[in-house]
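To start, the structure itself, in structure tokens.
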Amino acid sequence: MSAPNSKQRKACWGARDELWKCLDLNQDNATTCENYRKEFEANCPAQWVKYFNKRRDFLKYKEKIEKDGFEPAKEAPKL
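In my numbering, the protein residues as written are 77 to 155.
Okay, structure coming up:
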């Protein structure tokens with residue numbers, strides 16, 4: 077598989093941005109944004125889809141930690 081050209085990259089990024097916008101507006105309701113997800117998956121290489129999905133999860137987690145703060149466990153669980 078060859079690397080996506082400039083036009084393909086822009087289409088992928090645009091589809092990703094539209095999906096993320098839909099998810100943000102709909103409290104991450106995947107059903108509501110299914111058409112955007114299909115478009116995203118159709119316009120992006122599978123490896124990019126996997127990367128962007130992980131990236132979104134990380135960014136949401138980071139945002140939560142920055143907003144709510146990090147509370148370490150008081151004691152490590154006993155095994």
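Positions of the beta carbon are idealized from the N, C-alpha and C atoms, including for glycine.
Here the structure is a predicted model, which means the values were calculated and not measured.
For the candidate residues the options, whose alpha-carbon lies nearest to that of residue i?
i, options, result
"ASN111", "ASN81, ARG92, TRP124 and PRO148", "ARG92"
"LEU95", "PRO148, ALA122 and PHE128", "PHE128"
"ASP104", "ILE141, ALA118 and ARG132", "ARG132"
"GLU115", "THR107, LYS126, ALA87 and LYS150", "ALA87"
What are the boundary residues of the alpha helix (DSSP H) that residue i is part of?
i, result
"ASP144", "122-144"
"GLN103", "Element bounds for GLN103: n/a, residue is neither H nor E."
"ALA118", "110-119"
Given this structure, state the Cα-to-Cα distance separating residue i from residue j, to the nearest angstrom.
i, j, result
"GLN123", "LEU101", "26 Å"
"ALA106", "LYS154", "37 Å"
"LYS97", "GLN84", "20 Å"
"THR108", "LYS138", "24 Å"
"LYS150", "PHE134", "24 Å"
"ASN81", "ARG113", "21 Å"
"LYS136", "GLY90", "19 Å"
"CYS120", "LEU99", "18 Å"
"ASP144", "SER78", "43 Å"
"PHE146", "LYS140", "9 Å"
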